[in-house]
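In what follows, a structure is listed as structure tokens, so that the remarks can point back to it.
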Amino acid sequence: MTDDKSVNVDVDLSQYKKEDFKRMTWEEYGRILETLYQKVKKYIDEKSIRVDAVVPILRGGSFPGAYLAYRLNLLRIIPIQYKYFFKDGDLSKIKLNRLLDFPKDIKLPDKPTFLLVEQNMCFGTTAVEAAKHLKKIHPDCKIILAADSIDYSYKEFDDFEAIFWGTFSNDTKELSKEEAENLGIDTSLRLFPWESLEEEYTTVQAKQFKFKDLGYV
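According to the numbering used here, the sequence shown is numbered sequentially starting from 51.
Printed below as a string of structure tokens:
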């Protein structure tokens, strides 16, 4: 692991039930990605922006990242990777680790524009840390953030030139069920087509999922 950051999370884990997860179909996900693409394309066309690289945050960001790169006719996909690590369900011991750095030896303009792509943003901590990492390497870069899903209560950040999302969630539970429903937000916990229910449920209980290659990380 190349870097880590302690994360403070103040949530009631008992709110998250296994039966609340609802698997999304590929067709549903495709519609979300198309909505996201249309928003990003409209923005970069209207502003005459040249995106110099798509930067997906692995693992989940690989799906929307590749989609946007193909739809926007962009060649360079330069991933970085972050992952939360947990200890015994203790919220005070959560750490966000950067597993894969942005490479320093790739030829880019002096002031590059990155399309940073995240999957299912909740508090936005990972995306903000990724932006800080990019700006350490390229201090004059501009960063556009695109996420397939973003929590309604955490959709405004000062770290990005612009932020786009395909759909809203209420994964942080900061909206009441009635408030979310009035806004047309699905109150279930989305399980994306490729995701493992066991992994996602273990994560929302702040427990460490046993990845088969965890010993190498």
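Here a beta-carbon is modelled for each residue, glycine too, at the ideal position from N, C-alpha and C.
Item to check | Opposing strand residues paired with residue 218 [DSSP bridges] | outcome: 200
Next on the checklist: The alpha helix (DSSP H) that contains residue 266, what's its start and end?
Outcome noted: No alpha helix (DSSP H) contains residue 266, which DSSP labels as neither H nor E.
Checklist entry - Between residue 112 and residue 80, what straight-line distance do the alpha-carbon atoms span, to the nearest angstrom? => result 14 Å
Next on the checklist: For residue 248, which residues in the same chain have their Cβ closer than 8 Å to its Cβ, ignoring the five residues on either side in sequence?
Outcome noted: 259
Checklist entry - Which value, in whole angstroms, describes the spacing of the CA atoms of residue 213 and residue 168? => result 11 Å
Checklist entry - What residues are listed by DSSP as bridge partners for residue 171? => result 200
Checklist entry - Expressed to the nearest angstrom, what Euclidean distance is found between the alpha-carbon atoms of residue 115 and residue 255? => result 27 Å
Item to check | First through last residue of the beta strand (DSSP E) which encompasses residue 135 | outcome: 130-135
Item to check | Neighbourhood of residue 77 by C-beta, 8 Å cutoff - its chain only, sequence neighbours within 5 removed | outcome: none
Item to check | 6 Å Cβ shell around residue 110 - same chain, five flanking residues per side excluded | outcome: 169
Checklist entry - So what does residue 213 bridge to, in DSSP terms? => result 195
Checklist entry - How is the alpha helix (DSSP H) around residue 108 delimited, first residue to last? => result It is not in any alpha helix (DSSP H) - residue 108 instead sits in the beta strand (DSSP E) that spans 103-108.
Next on the checklist: I want to see whether chain B comes within less than 9 Å of residue 180, judged by CB atoms only; does it?
Outcome noted: No chain B is part of this structure, which consists of one protein chain only.
Checklist entry - Which of helix, strand or coil does DSSP assign to residue 85? => result helix
Checklist entry - Identify the residues that DSSP records as bridge partners of residue 73: which are they? => result 241
Item to check | Integer-rounded CB distance, given that residue 173 should sit under 8 Å from residue 204 | outcome: 5 Å
Item to check | Alpha carbon of residue 220 to alpha carbon of residue 117, nearest angstrom | outcome: 24 Å
Next on the checklist: Cutting at 7 Å between CB atoms, please list the residues of its own chain near residue 91, excluding the five before and the five after it.
Outcome noted: 122
Checklist entry - So what's residue 164 in DSSP terms, helix, strand or just coil? => result strand
Next on the checklist: Using the three-state DSSP reduction, which class does residue 95 fall into: helix, strand or coil?
Outcome noted: helix
Checklist entry - Quick one: what's residue 127 bridged to in DSSP? => result 104
Checklist entry - What is the rounded straight-line gap between the Cα of residue 125 and the Cα of residue 62? => result 42 Å
Checklist entry - Alpha carbon to alpha carbon, how far is residue 164 from residue 148? => result 18 Å
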